[in-house]
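Enquirer:
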Amino acid sequence: MATNGKPKFAMYWAAACGGCEISVLNIHEKILDVDANFDVVFWPVAMDSKYKDVEAMPDQSILLTLFNGGIRNEENEEIAHLLRKKSQLLVAFGSCASEGGIPALANLGTRQSIFETAYFTVSTENPAQVYPQSTYEAPEGELHIPRIYPVLKTLDQVVPVDYYMPGCPPEPHQISAVIDLVIQVLQGKAELPPKGSVIGAGMSTVCDECTRKRNEKKLKKFVRIQDVETIDPELCLLEQGIPCNGPATRSGCNARCPSVGAQCVGCYGPAEGVIDYGARLMSSFASVIDSNDPEEVDRILNGIPDPAGQFYRFNLAKSILRASRYAWKGE
Amino acid sequence: MSEKIGVYICHCGSNIAGKVDVEEVSRWAKERFPNVAVSRDYKFMCSSPGQELIEQDIKEHGLTRVVVAACSPHLHEKTFRGACERAGLNPYLFEMVSVREHVSWVTEDQIEATIKSKALIEGAIHRVAYHQPLTPIRVEINPNVMVVGGGVAGIQAALEIADSGSHVFMVEREPSIGGHMAQFDKTFPTLDCSACILTPKMFDVGNHPNITLLTWSEVEKVDGYVGNFTVRVRKKARKVNEDLCTGCLVCQEKCPKRVVDNVFEAGMSRRKAIYVPFPQAVPNHPVMDVENCLYFKTGRCKVCEKVCPTGAIDFTQEDEILELNIGNIILATGYDLFDPKRIPQYGYGKLPNVLTSLEFERLTNASGPTNGEVYLADGKTAPKAIGIIHCVGSRDKNYNEYCSSICCMQSLKFAHLAHEKTGAQVYNFYIDIRTPLKDYEEFYNRVLDEGTIFVRGKVGEVTDMARTQEEEGKLIIQVFDTLAGVQRRVPVDMVVLSVAIQPRKDSVETGKTFGIACGAQGWMIERHPKLDPVATMTDGIFIAGCAQGPKDIPASVAQGAAAAARVIGRIQQGNIMLEPIRATIEEERCSGCRICNSLCPFNAITFDEVKEVSVINEALCQGCGTCVAACPAGAISGTHYSNEQILAQIEGVLDHALLAVK
Amino acid sequence: MTDNPTNHFEPVVLGFTCNWCSYRAADGAGLARAKYPPNIRLIRLMCSGRVDPQFIMKALAEGADGVLVTGCHPGDCHYIEQNYKTMRRYKILSRTLEQMGIEPQRVRLVWASAAEGLILAKEIADFVEEIRELGPLNWPKWDKPLPVEVLSEEAVPEEI
Chain A
0 MATNGKPKFA MYWAAACGGC EISVLNIHEK ILDVDANFDV VFWPVAMDSK YKDVEAMPDQ
60 SILLTLFNGG IRNEENEEIA HLLRKKSQLL VAFGSCASEG GIPALANLGT RQSIFETAYF
120 TVSTENPAQV YPQSTYEAPE GELHIPRIYP VLKTLDQVVP VDYYMPGCPP EPHQISAVID
180 LVIQVLQGKA ELPPKGSVIG AGMSTVCDEC TRKRNEKKLK KFVRIQDVET IDPELCLLEQ
240 GIPCNGPATR SGCNARCPSV GAQCVGCYGP AEGVIDYGAR LMSSFASVID SNDPEEVDRI
300 LNGIPDPAGQ FYRFNLAKSI LRASRYAWKG E
Chain B
0 MSEKIGVYIC HCGSNIAGKV DVEEVSRWAK ERFPNVAVSR DYKFMCSSPG QELIEQDIKE
60 HGLTRVVVAA CSPHLHEKTF RGACERAGLN PYLFEMVSVR EHVSWVTEDQ IEATIKSKAL
120 IEGAIHRVAY HQPLTPIRVE INPNVMVVGG GVAGIQAALE IADSGSHVFM VEREPSIGGH
180 MAQFDKTFPT LDCSACILTP KMFDVGNHPN ITLLTWSEVE KVDGYVGNFT VRVRKKARKV
240 NEDLCTGCLV CQEKCPKRVV DNVFEAGMSR RKAIYVPFPQ AVPNHPVMDV ENCLYFKTGR
300 CKVCEKVCPT GAIDFTQEDE ILELNIGNII LATGYDLFDP KRIPQYGYGK LPNVLTSLEF
360 ERLTNASGPT NGEVYLADGK TAPKAIGIIH CVGSRDKNYN EYCSSICCMQ SLKFAHLAHE
420 KTGAQVYNFY IDIRTPLKDY EEFYNRVLDE GTIFVRGKVG EVTDMARTQE EEGKLIIQVF
480 DTLAGVQRRV PVDMVVLSVA IQPRKDSVET GKTFGIACGA QGWMIERHPK LDPVATMTDG
540 IFIAGCAQGP KDIPASVAQG AAAAARVIGR IQQGNIMLEP IRATIEEERC SGCRICNSLC
600 PFNAITFDEV KEVSVINEAL CQGCGTCVAA CPAGAISGTH YSNEQILAQI EGVLDHALLA
660 VK
Chain C
0 MTDNPTNHFE PVVLGFTCNW CSYRAADGAG LARAKYPPNI RLIRLMCSGR VDPQFIMKAL
60 AEGADGVLVT GCHPGDCHYI EQNYKTMRRY KILSRTLEQM GIEPQRVRLV WASAAEGLIL
120 AKEIADFVEE IRELGPLNWP KWDKPLPVEV LSEEAVPEEI
């Protein structure tokens, strides 16, 4: 632990893919600003430090902790509590920590189905159908590994969170902007936004940054993007029948995906003030279906065969219902 | 929340208190909720002392919100809002729940009724904390009025408004005003000559300084909102210069081309290619039927132009588009008739001498195709027996379930005219005789006395297949006589079908143009079926006459006058206040996705191409909240039905402590 | 809810009504003194088109065992055609709720005109019965710990 007087910085990954770490590294030479202004005291991807090192730190001694990944098991929750205790500013970094992210999709099914998929499916050689137990009697004694919760939670569903940075991952230019802001605050040149704010993102939705042409919406179909022969590069994707979540997704990414002809999947989360992201998409998509005939509406909706996946791909854990009955009931 | 809520539960005599423990609810409200400053129950909250309770509490306790649990808000929401306003509290900081219609009157068990009342009141208490003070929106009223439809209802409305001093634009799609009433011979029950009583009014319309008559014209587009409509009217080209035309009708006389008149004469005779629909037409300027005019079809003729003494014929005349600024609009677009070809067993269109009511009207009309004589299809033989069939296409689940209201009287009138003009034996085949209004029953008795034979039974078939010698050459009406209990075959020479009256074929499109709805059958929807028959849900648009539903001439006239009175009242006030339940778009949050743009039937949502955001015109917005629910960015909020308010109400109403457990 | 066998389940059902048709229908049922189960609690909106899927989900999450969405008949909407949007949203929500393990019968869409008070009363009674048969939804109150019987290890066949 360095005692060079620089404010301390930590980054941790819970149920995560590592993409957030990569995105931080993707700020390229700006990482030097991080190094210049902060003391990195805990960052599993980049350095070898132990939990007991963190436990030994005084409370609130870490100025800024970027916590990414969802809360899937006991370990994730334990470290969340630990880092909350040791940090002044705890940021839910990335989609998983903010709203559950892709791991939250597991909330659609049972724990049992997760294990079966992970341990019994084709790509796994497991003839004896063994899977991990949280407790194991070894000759040397009883072994414990963290229990997986039936329902994945977001960071703020287990500890109070100061700020949220959405994105899967948050865009490097946004990360740079936030780092700049924090450095300015340290230098007394700027103020932190109110606690609980979303930072590193815009105030509107992706359409605001998307350069495609938009007209009145009257949808007669929904199609998978793979099934579209030629995608008109100038026209709104939704108007071409491709279910683009852009209208409901917070801006800040410069509409990266639509600009290269891919539909927005919603990784930047809901717009400001929105409680349930999926509800916004359901309501808006359905409202502009161009039919008053119930049967035709059904046919058109068959173009979205997995509505929960389409509308809650990144934020099931933050939705009003949070998890399917299968998940919390276990069957 | 640091609000001070006053909660009032009405006993409504024993209507509520007999089932709901109102004292207990009042106690509970005070104890349970820290933000409830005052909680009372009272015998009749809507009475003066009841309202004064509220006003006093607002002043003395500094109440910031008020909840009343009583009857339906549709009855007294305005009353209690008024009480709040008088005490200095914004009337929209008030919420009302029905514990009478929705609880005490529909629940058996007293405990369950009390619990349910508590749940609803808790919902209101949670909700009202999020209410915002609102101010109604004031809009100016342009004194110009548009009346669409020149039938008797429209004529009445136009004359009353014009006489009051405001200017009326009457738009009529046919070449002349007069509507269906101009086609009739006599009107029941007085047997007034229809034209005699109508044409003076038509003349007044044509000559009124305050009426601009636009016939052969249609409304294409309506923009704007109450008091401030912009209406685009297409004045179709008559090919006649109305300033020069004197109505001498030499052109009509000399025109070589005859065309079957399917409109005014109901296909019973022919007119010319340049024509006025009937001699008393207003205006009496002819119209050229370019689809049948020889010049337009072959390039030859132009006789009319040659014979016109004032040079009024103008083959090059184009349609004219007018943009009119209008404050209020009255729709009096009338009705269409049921097509009896849909009932093939009645033989209409196949058998000669089976006529619709309108065709019979034209026969009996003195200026009709047979100068008022009733002849068979051969044009010279008078029928010796006439069968008049009631309810053709009405009161029939296969066609129209409703009763067309006027056909019994009309059928009786036909019976009378048939007696008068032909001396024939007249049979009326009916299901019920509906003669409810003034002098109608007496008319029925008169027709009975004239020797009409009434057979109660729904006619099964009209056929020319004779079974006996007597039936040869006749039309046989096959009917089960329900009073006598026998099948009958009644041979007649002529059959008159009293066909249903139906909404205009394009009533739904018309409704859409003006921003009003039509019911499932196509009649235009009134604001309230009992208490507001001439207003619609759209401010500034009124309806009158058969466009609203089947009715007779006195009722159409009454509705025309009623609509006129409402409009005149509005014009006198000069402005009106609109309910402030509206949606607004927060510009900063709007990304311009345009999903809301196609959702507003009132065209309140437009897209600003410069700022690339959508915008709501608050005067056009009717407050339905559909766009609020649809906006994917949550950028649209609705006053008085905001997300916070509704979510709070949901939480309150579902308080699990208030579960009825048996 | 508890395992007391003498406590039988009384559904709680939320109903969204529109100011012009279905709310008036409910008033009409009251005027006609038509009795229906008290298990339903009605919320008044201006139009069924205001019904946001988040309201329905909130209701289910807050303890409602079922939600009834009501409005004017297609073609009769006071605001011309907004109930069609309600119908479209209802369909997409229904599919999504099914993936969430919520039986589609728990959310029902019913059209009722202002004159159809008795019909609405019957629909309510029918709906409450259907929910009674489906049983309680008992959606977890997420800010409280999951109830023992929900999180119990028995819920997962094999220990992990």
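Chains as they are written, first to last, in numbering that gives the first Met the number 0: chain A, 0 to 330; chain B, 0 to 661; chain C, 0 to 159. Think of the CB as a built atom: it goes at the ideal place given N, C-alpha and C, for glycine as much as any other residue. Please read these numbers as outputs of a predicted model, since none were measured by experiment.
Say whether chain D places a C-beta atom closer than 9 Å to the C-beta of residue 8 of chain B.
Expert: Given the protein chain composition of this structure (A, B and C), no chain D is represented.
Enquirer: Show which residues of chain B have a CB atom less than 7 Å away from the CB atom of residue 271 of chain A.
Expert: In the first sequence, residue 271 of chain A corresponds to position 272, counting from 1. In chain order: 588.
Enquirer: Put residue 14 of chain B into one of helix, strand or coil per three-state DSSP.
Expert: In the second sequence, the residue the question calls residue 14 of chain B occupies position 15. Residue 14 of chain B falls in the coil class under three-state DSSP.
Enquirer: Going along the chain, which unbroken runs of the beta strand (DSSP E) with 3 or more residues stay wholly within the segment 27 to 63 of chain C?
Expert: If we require 3 residues or more, the beta strand (DSSP E) runs fully inside the segment 27 to 63 of chain C come out as 39 to 44.
Enquirer: Is there a Cβ from chain C that is less than 9 Å from the Cβ of residue 97 of chain B?
Expert: The count along the second sequence starts at 1 and reaches residue 97 of chain B at position 98. Interface residue, yes.
Enquirer: Just to confirm, are residue 84 of chain A and residue 36 of chain A a CB contact at a threshold of 9 Å?
Expert: Position 85 of the first sequence, counting from 1, holds the residue named residue 84 of chain A. Position 37 of the first sequence, counting from 1, holds the residue named residue 36 of chain A. No.
Enquirer: Can a CB atom of chain B be found closer than 9 Å to the CB of residue 117 of chain C?
Expert: The sequence position of residue 117 of chain C within the third sequence is 118, counting from 1. Answer no: the Cβ-Cβ gap between residue 117 of chain C and chain B never drops below 9 Å.
Enquirer: So who's on the other strand from residue 162 of chain C, going by DSSP bridges?
Expert: The displayed coordinates of chain C run from 0 to 159. Any statement about residue 162 of chain C would go beyond what the structure contains.
Enquirer: Please state if the CB of residue 521 of chain B and the CB of residue 152 of chain B are separated by a distance shorter than 9 Å.
Expert: The sequence position of residue 152 of chain B within the second sequence is 153, counting from 1. The sequence position of residue 521 of chain B within the second sequence is 522, counting from 1. Not closer than 9 Å, so no.
Enquirer: Would you call the segment 462 to 477 of chain B and the segment 526 to 544 of chain B touching, i.e. three or more CB-CB distances under 8 Å?
Expert: No, because fewer than three Cβ pairs between the segment 462 to 477 of chain B and the segment 526 to 544 of chain B fall closer than 8 Å, the two stretches do not touch.
Enquirer: Give the range of the beta strand (DSSP E) segment to which residue 97 of chain B is assigned.
Expert: The residue labelled residue 97 of chain B in the question sits at position 98 within the second sequence. 93 to 97 is the extent of the beta strand (DSSP E) around residue 97 of chain B.
Enquirer: Counting only runs of 3+ residues fully inside the segment 80 to 150 of chain C, write out the beta strand (DSSP E) ranges in chain order.
Expert: Those beta strand (DSSP E) runs which fall completely within the segment 80 to 150 of chain C and span 3+ residues are 106 to 110.
Enquirer: For residue 707 of chain B and residue 50 of chain B, I'd like the C-alpha separation in whole angstroms.
Expert: Nothing about residue 707 of chain B can be read from this structure; chain B reaches only from 0 to 661.
Enquirer: Does DSSP put residue 644 of chain B in a helix, a strand or coil?
Expert: As a working note, residue 644 of chain B is residue 645 in the second sequence. Residue state, collapsed to three classes: helix.
Enquirer: Please name the residue in B/430, B/130 and B/115 whose C-alpha comes closest to that of residue 65 of chain B.
Expert: Position 66 of the second sequence holds residue 65 of chain B. Closest by alpha carbon: B/130.
Enquirer: Provide the residue span of the beta strand (DSSP E) that contains residue 477 of chain B, from first to last.
Expert: As a working note, residue 477 of chain B is residue 478 in the second sequence. It spans 474 to 480 - the beta strand (DSSP E) in which residue 477 of chain B sits, taken as one unbroken run.
Enquirer: Go ahead and label residue 625 of chain B buried or exposed: buried means 16 or more other beta carbons lie within 10 angstroms of its beta carbon, across all protein chains shown.
Expert: Along the second sequence, one-based indexing puts residue 625 of chain B at 626. By the 10 Å Cβ count, residue 625 of chain B comes out buried.
Enquirer: My understanding is that residue 19 of chain C touches residue 72 of chain C, with C-beta atoms under 8 Å, so please give their C-beta distance in whole angstroms.
Expert: Stepping through the third sequence from its first residue, residue 19 of chain C is reached at position 20. Stepping through the third sequence from its first residue, residue 72 of chain C is reached at position 73. Actually they are not in contact, since the Cβ atoms of residue 19 of chain C and residue 72 of chain C sit about 11 Å apart, beyond 8 Å.
Enquirer: Flag residue 214 of chain A as yes if its beta-carbon sits less than 9 Å from any beta-carbon of chain B, otherwise no.
Expert: Along the first sequence, one-based indexing puts residue 214 of chain A at 215. With 9 Å as the cut-off, residue 214 of chain A counts as an interface residue toward chain B.
Enquirer: Are the Cβ atoms of residue 201 of chain B and residue 176 of chain B separated by less than 9 Å?
Expert: Mapped onto the second sequence, residue 201 of chain B falls at position 202. Mapped onto the second sequence, residue 176 of chain B falls at position 177. Yes.
Enquirer: Below 6 Å CB to CB, which residues in the same chain sit around residue 0 of chain C once its five sequence neighbours on both sides are set aside?
Expert: Here residue 0 of chain C is taken as the residue at index 1 of the third sequence, counted from 1. At residue 0 of chain C, the pLDDT of 41 sits below 50, so the modelled position is not reliable and the matter cannot be decided from this model.
Enquirer: Should residue 38 of chain B go down as buried or exposed, given a rule of 16 or more other Cβ atoms within 10 Å for buried?
Expert: Taking the second sequence and counting its residues from 1, the one referred to as residue 38 of chain B is at position 39. The residue in question, residue 38 of chain B, is buried, as its Cβ has 16 or more Cβ neighbours within 10 Å.
Enquirer: Output the distance between the C-alpha atoms of residue 95 of chain A and residue 156 of chain A, rounded to the nearest integer angstrom.
Expert: By one-based count along the first sequence, residue 95 of chain A stands at place 96. By one-based count along the first sequence, residue 156 of chain A stands at place 157. About 12 Å.
Enquirer: Can you give the beta carbon distance from residue 213 of chain B to residue 513 of chain B, rounded, assuming they're within the 8 Å contact cut?
Expert: The count along the second sequence starts at 1 and reaches residue 213 of chain B at position 214. The count along the second sequence starts at 1 and reaches residue 513 of chain B at position 514. 16 Å between Cβ atoms; not a contact.
Enquirer: Can you tell me the Cα-Cα spacing of residue 241 of chain B and residue 165 of chain B, whole angstroms?
Expert: Your numbering for residue 241 of chain B matches position 242 in the second sequence. Your numbering for residue 165 of chain B matches position 166 in the second sequence. Near 24 Å, if we compare the C-alpha coordinates of residue 165 of chain B and residue 241 of chain B.
Enquirer: For residue 291 of chain A, decide whether its Cβ has a neighbour in chain C, counting only Cβ atoms nearer than 9 Å.
Expert: In the first sequence, counting from the first residue as 1, residue 291 of chain A sits at position 292. Cβ-Cβ to chain C under 9 Å: yes for residue 291 of chain A.
Enquirer: Going by Cα to Cα distance, which pick from B/113, B/103, B/188 and B/46 is closest to residue 437 of chain B?
Expert: For the purposes of this step, residue 437 of chain B is taken as the residue at position 438 of the second sequence. When each option's Cα is compared against that of residue 437 of chain B, the closest is B/188.
Enquirer: Can you say whether residue 128 of chain A is buried or exposed, counting buried as having 16 or more other CB atoms within 10 angstroms of its CB?
Expert: Here residue 128 of chain A refers to the residue found at position 129 when the first sequence is read from its first residue. Answer is exposed; the Cβ neighbour count stays below 16.
Enquirer: By how many angstroms is the C-alpha of residue 112 of chain B removed from the C-alpha of residue 665 of chain B?
Expert: Within the shown structure, residues of chain B are numbered from 0 to 661, placing residue 665 of chain B beyond reach of any answer.
Enquirer: Relative to the C-alpha of residue 370 of chain B, which residue among B/230, B/184 and B/321 is closest?
Expert: One-based indexing of the second sequence puts residue 370 of chain B at position 371. Nearest of B/230, B/184 and B/321 to residue 370 of chain B, Cα basis: B/184.
Enquirer: Would you call the CB atoms of residue 364 of chain A and residue 107 of chain C closer than 9 Å?
Expert: Here chain A comprises residues numbered 0 to 330, so residue 364 of chain A is not present and cannot be evaluated.
Enquirer: How far does the beta strand (DSSP E) with residue 486 of chain B in it extend, from its first residue to its last?
Expert: One-based indexing of the second sequence puts residue 486 of chain B at position 487. It spans 485 to 491 - the beta strand (DSSP E) in which residue 486 of chain B sits, taken as one unbroken run.
Enquirer: Considering only residues of the same chain and omitting the five flanking positions on each side of residue 504 of chain B, which have a CB-CB separation below 8 Å?
Expert: Along the second sequence, read from residue 1 onward, the residue named residue 504 of chain B stands at position 505. So the qualifying residues of the chain are 335.
Enquirer: For a cutoff of 9 Å on Cβ pairs, would you count residue 17 of chain A as touching chain C?
Expert: For the purposes of this step, residue 17 of chain A is taken as residue 18 along the first sequence, with counting starting at 1. Residue 17 of chain A does not count as touching chain C.
Enquirer: State yes or no: is the beta carbon of residue 60 of chain C nearer than 9 Å to at least one beta carbon in chain A?
Expert: In the third sequence, the residue the question calls residue 60 of chain C occupies position 61. By this cut-off, residue 60 of chain C is an interface position.
Enquirer: Against chain C, with Cβ distances strictly below 9 Å, would residue 285 of chain A count as a contact?
Expert: Residue 285 of chain A sits at position 286 when you count from the first residue of the first sequence. So, interface residue.
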